[in-house]
Amino acid sequence: MSTTPETAVSSGETGGHGDISVGVSGAGASGDGTASATRITPGNALRPEDIALAVSRGAAKPSEDVAEFALRLGDDALILAQRLGHWISRAPELEEDVALGNIALDELGHARSLLSYAGGLDGRSEDDLAYLRREHEFRSAALFEQPNGDFAVTIARQFVVSYYQFELYRRLTSSTDSTLAGIAAKAVKEVDYHRDHSAQWVLRLALGTDESRQRMIHAFKVIWPYVDELFRDDELTGRLSEAGAAPQPSSLREDFDRLTGEVLAEAELEVPNVQPSPGGGRRGLHSEHLGYILAEMQVLAREYPGASW
Amino acid sequence: MASQTLQSVPAEPSPARDEPSPEDAARLDAEGQAYFDKVMAEDSRIEPRDWMPPAYRKTLLRQISQHAHSEIIGMQPEANWISRAPSLKRKAILMAKVQDEAGHGLYLYSAAETLGQPRDQMMQDLMDGKAKYSSIFNYPARTWADMGAIGWMVDGAAIANQVPLCRASFGPYGRAMVRVCKEESFHQRQGFEILLELSHGTPEQKQMAQDAVNRWYAPALMMFGPPDDDSPNSKQSMAWNIKRFSNDELRNRFVGMMMEQVKVLGLTLPDKDIRFNEETKKWEHGPLDWAEFHEVLAGRGPCNAQRLERRREAHQNGAWVREAAAAYAEKQNRKQAEKVSAA
């Protein structure tokens, strides 16, 4: 059983959504060497650096099961951040460069926290895990690896991800693992914004023009085969659920279906009638896309072994 | 001389009023000019609704929109490294930085819009090659160290240029600059930190840092614009309290700043002629290749075609999204109006 890092606080104490106006410049201006660019919540929000520090001091250490679970969630967030980052400077409007950049930053922040914690098991850092693992050692689900496609595909993917992550993080806030609960408490507020962003775009695109509607319908067809994998239970989630550390993925499905269903109904869309993909990312069996993502992401670490940046 | 009782004169006659007679228009112009002159004399601020000389409006519109375009095009060399940033922390910082630049573009386009030109038109001028942006962004970001050199030198030069602009006589521009400068200062520090890490890293990393500094040095100095004796617009801009210091003055000040900081980095600047002139108490630098500057400005730099094409591509790919958003908003408004009329 782990302990909470000293700086971790529950969501109740941080009061509402982060104010981005005090985010980046605030962190920089504070002169705090451990300040993170991803810190969007003022006050004492849990930052990746706090977790890394707690782990290195031995104040937080995950069990083997929790570490594996944190790796899954961390990899999901990392791979998605890598995908979303591509939109910055390419979005349909400047406002979307900012919005997608924000979502990417949030996901990257979650990834850093989760990977820092997962690495606490055997002393590996977030960067060791991100840059020095091979494809089969990643634990992300196939959905997160899916190419950006056009804006509609990115929105469809984000819509599914944010409704899934919201249900997951919401439940994790009461995890018996207090570090996981702390990470989730920060993440759930951010993911709540992501839900709003993607739901609004689903409505705009589905009810906008004929072209946007066709693209939105197509995008959901492209993305929906990867939905089922998110909600599959396995031995690990069974043990974690038993221990009260994490919910069974299948237990999130009902809320996910209901809430996404409400938006889809308003958008006059139906859940696409497509066959689910078997997935396998949780066991290291990935789509063909991950290799390219990692090749790009890891190139400097591989080219300059042992260098620090 | 302007009297104490002078009032701001609205730039446009209010729509409720009829078109003013030629005599009235001339009188309004004269009153407006008098108020404008008073504001300039008092070093105070002109706001969007105030009368202003057409040339002042034109100059500002050109300068602010170019500044906005520079932010938007300037996202590209750094966005080029987001996917390859060598640590997750660096990746997060870089993402936040490029995102800030989009934000700066937004404030600046908004400031420019108060002068009467819509953002779409400014964007179109950029994509049509009619509007300029800072030439520095037409150089390629070849290595990770370029993220450091861009932050330290390019953003450093931008800060030296922009801090005085916080006092620009046009209110919206000055106010936008206050926020931009705060964020730029963070950007510069992160660039410096990248170089510091590299220069204290492996010999290969140090070499990478030196190479980046060598490549970005001259283009960064040229960001301040042509030498004073070849800068036709500077004098008027200074009279209008838009520009506060001459190009060469700012450039020299920047060189002095870099000379101090490069020592901490343990790197060198690729200029053997840098010296502090004891007589003038100013830093001086070696000759710059202004022919290259004009080549790049004319569109013949290493990345001019690539940068503009990327902007056009993003804009074209996004056209259907913008159309959808507009159509949806219109439908919502119509629904709302129907609800109101039914009630």
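Taken in order, these protein sequences are the chains called A and B.
Heads up, the first sequence is in my numbering, so the first residue is 1 and it goes up one at a time.
Heads up, the second sequence is in my numbering, so the first residue is 310 and it goes up one at a time.
By construction, the Cβ of each residue, glycine as well, lies at the ideal position given by its N, Cα and C atoms.
On a predicted model such as this, the values are computed, not experimentally measured, just so you know.
Counted within 10 angstroms of its Cβ, other Cβ atoms place residue i as buried (16 or more) or exposed
i, result
"valine 271(A)", "exposed"
"asparagine 102(A)", "buried"
"phenylalanine 310(A)", "This structure cannot settle anything about residue 310(A), because the visible part of chain A is limited to 1 through 309."
"lysine 590(B)", "exposed"
"asparagine 586(B)", "exposed"
"lysine 406(B)", "buried"
"serine 508(B)", "buried"
"tryptophan 599(B)", "exposed"
"glycine 238(A)", "exposed"
"proline 536(B)", "exposed"
"serine 21(A)", "Only weak support exists for where serine 21(A) lies, its pLDDT of 32 falling under 50; the coordinates are left without a value."
"asparagine 642(B)", "exposed"
"valine 348(B)", "buried"
"glycine 483(B)", "buried"
"histidine 376(B)", "buried"
"aspartate 352(B)", "exposed"
"alanine 646(B)", "exposed"
"glutamine 625(B)", "exposed"
"valine 188(A)", "buried"
"glutamate 422(B)", "buried"
"serine 478(B)", "buried"
"serine 308(A)", "exposed"
"leucine 285(A)", "exposed"
"arginine 283(A)", "exposed"
"lysine 572(B)", "exposed"
"asparagine 273(A)", "exposed"
"arginine 39(A)", "Reliability fails at arginine 39(A), whose pLDDT of 43 lies under 50, so the model's placement of it is uncertain and the value that follows must be treated cautiously. Buried: at least 16 other Cβ atoms inside 10 Å."
"histidine 194(A)", "buried"
"histidine 136(A)", "exposed"
Which residues DSSP lists as bridging residue i, in chain order
i, result
"phenylalanine 479(B)", "Ile355(B)"
"proline 319(B)", "Asp359(B)"
Nearest-angstrom Cβ-Cβ length linking residue i and residue j, presumed shorter than 8 Å
i, j, result
"valine 605(B)", "asparagine 447(B)", "5 Å"
"leucine 121(A)", "proline 62(A)", "6 Å"
"methionine 532(B)", "glycine 500(B)", "The Cβ separation is near 14 Å, so there is no contact."
"glutamate 211(A)", "tryptophan 461(B)", "With 8 Å as the limit, glutamate 211(A) and tryptophan 461(B) do not qualify as a contact, their Cβ atoms being about 45 Å apart."
"glutamate 145(A)", "isoleucine 293(A)", "7 Å"
"alanine 59(A)", "leucine 114(A)", "17 Å between Cβ atoms; not a contact."
"leucine 78(A)", "alanine 111(A)", "4 Å"
"alanine 142(A)", "glycine 279(A)", "5 Å"
"alanine 623(B)", "glycine 208(A)", "That pair is no contact at about 19 Å."
"alanine 81(A)", "glutamate 107(A)", "4 Å"
"tyrosine 416(B)", "arginine 488(B)", "7 Å"
"histidine 594(B)", "leucine 530(B)", "6 Å"
"proline 473(B)", "phenylalanine 554(B)", "6 Å"
"tyrosine 164(A)", "phenylalanine 256(A)", "6 Å"
"phenylalanine 138(A)", "aspartate 75(A)", "5 Å"
"isoleucine 382(B)", "tyrosine 442(B)", "5 Å"
"glutamine 214(A)", "aspartate 233(A)", "That belief does not hold up - the Cβ atoms of glutamine 214(A) and aspartate 233(A) are roughly 36 Å apart, past 8 Å."
"leucine 504(B)", "alanine 440(B)", "Not confirmed; about 32 Å, so no contact."
"alanine 67(A)", "aspartate 177(A)", "Not quite, the Cβ-Cβ distance comes to about 10 Å (not below 8 Å), so this is no contact."
"glutamate 675(B)", "glutamate 380(B)", "Residue coverage of chain B in this structure runs from 310 to 652, which leaves residue 675(B) outside it and unanswerable."
"glutamine 497(B)", "aspartate 520(B)", "Not quite, the Cβ-Cβ distance comes to about 20 Å (not below 8 Å), so this is no contact."
Give, in chain order, every residue of the region 64-85 of chain A whose Cβ lies closer than 7 Å to some Cβ of chain B.
Cβ proximity to chain B below 7 Å picks out Gln82, Gly85 from the region 64-85 of chain A.
Members of the region 633-645 of chain B that neighbour chain A once the beta carbon cut-off is set at 7 Å
Going along the region 633-645 of chain B in chain order, one finds Ala633, Ala634, Ala636, Tyr637, Lys640 with a Cβ nearer than 7 Å to chain A.
Along the region 384-406 of chain B, where does the CB come closer than 9 Å to a CB of chain A? Name the residues.
For the region 384-406 of chain B, the beta-carbon criterion of a distance under 9 Å to any beta-carbon of chain A is satisfied by Met384, Gln385, Glu387, Ala388, Asn389, Ile391, Ser392, Arg393, Ala394, Pro395, Ser396, Leu397, Lys398, Arg399, Lys400, Ala401, Ile402, Leu403, Met404, Ala405, Lys406.
Going residue by residue through the region 528-610 of chain B, where are the continuous beta strand (DSSP E) segments of at least 3 residues, counting only ones entirely within it?
The region 528-610 of chain B is shown to contain whole beta strand (DSSP E) runs of 3 or more residues at 584-586, 591-593, in chain order.
Under 8 Å (Cβ pairs) to chain A, residues found in the region 409-424 of chain B
Taking 8 Å as the Cβ-Cβ cut-off against chain A, the residues of the region 409-424 of chain B that qualify are Asp409, Ala411, Gly412, Gly414, Leu415, Tyr418.
What residues in the region 479-503 of chain B have a beta carbon less than 7 Å from any beta carbon of chain A?
Taking 7 Å as the Cβ-Cβ cut-off against chain A, the residues of the region 479-503 of chain B that qualify are Lys491, Glu492, Phe495, Arg498.
Taking any Cβ of chain A, which residues in the region 605-637 of chain B have a Cβ under 9 Å from it, in chain order?
So the list reads Arg619, Arg620, Glu622, Ala623, His624, Asn626, Gly627, Ala628, Trp629, Val630, Arg631, Glu632, Ala633, Ala634, Ala635, Ala636, Tyr637, given in the order they occur along the chain.
What residues from the region 165-195 of chain A come within 7 Å of chain C, judged by C-beta to C-beta, listed N to C?
Considering every chain present, this structure includes no chain C. Its protein chains are A and B.
Quick one: which residues of the region 437-460 of chain B get their C-beta closer than 8 Å to a C-beta of chain A? List them in chain order.
Answer set for the region 437-460 of chain B: Trp453.
4 or more residues per run - each alpha helix (DSSP H) lying fully within the region 438-505 of chain B
Every alpha helix (DSSP H) of 4 residues or more that sits fully in the region 438-505 of chain B is shown, in chain order, as 454-458, 464-471.
Listed in chain order, which residues of the region 510-532 of chain B have Cβ atoms closer than 7 Å to some Cβ of chain A?
So the close ones are Gly510, Thr511, Glu513, Gln514.
Short of 9 Å Cβ to Cβ, which residues in the region 213-243 of chain A face chain B?
For the region 213-243 of chain A, which is checked against every Cβ of chain B, the residues closer than 9 Å are Arg213, Arg215, Met216.
Check distances from the C-beta atoms of the region 109-142 of chain A to those of chain B and list, in chain order, the residues that come in under 8 Å.
Listed by position along the chain: Gly109, Ala111, Arg112, Leu115, Glu126, Asp127, Ala130, Tyr131.
Contacting positions in the region 264-286 of chain A - beta carbon closer than 9 Å to chain B:
Under the 9 Å Cβ criterion, the region 264-286 of chain A contributes no residue.
In the region 564-595 of chain B, which residues sit with their C-beta less than 7 Å from some C-beta in chain A, listed in chain order?
Those would be none; no residue qualifies.
What alpha helix (DSSP H) runs, 4 residues minimum, are completely inside the region 264-305 of chain A?
With a minimum length of 4 residues, the continuous alpha helix (DSSP H) runs that stay inside the region 264-305 of chain A are 289-297, 299-303.
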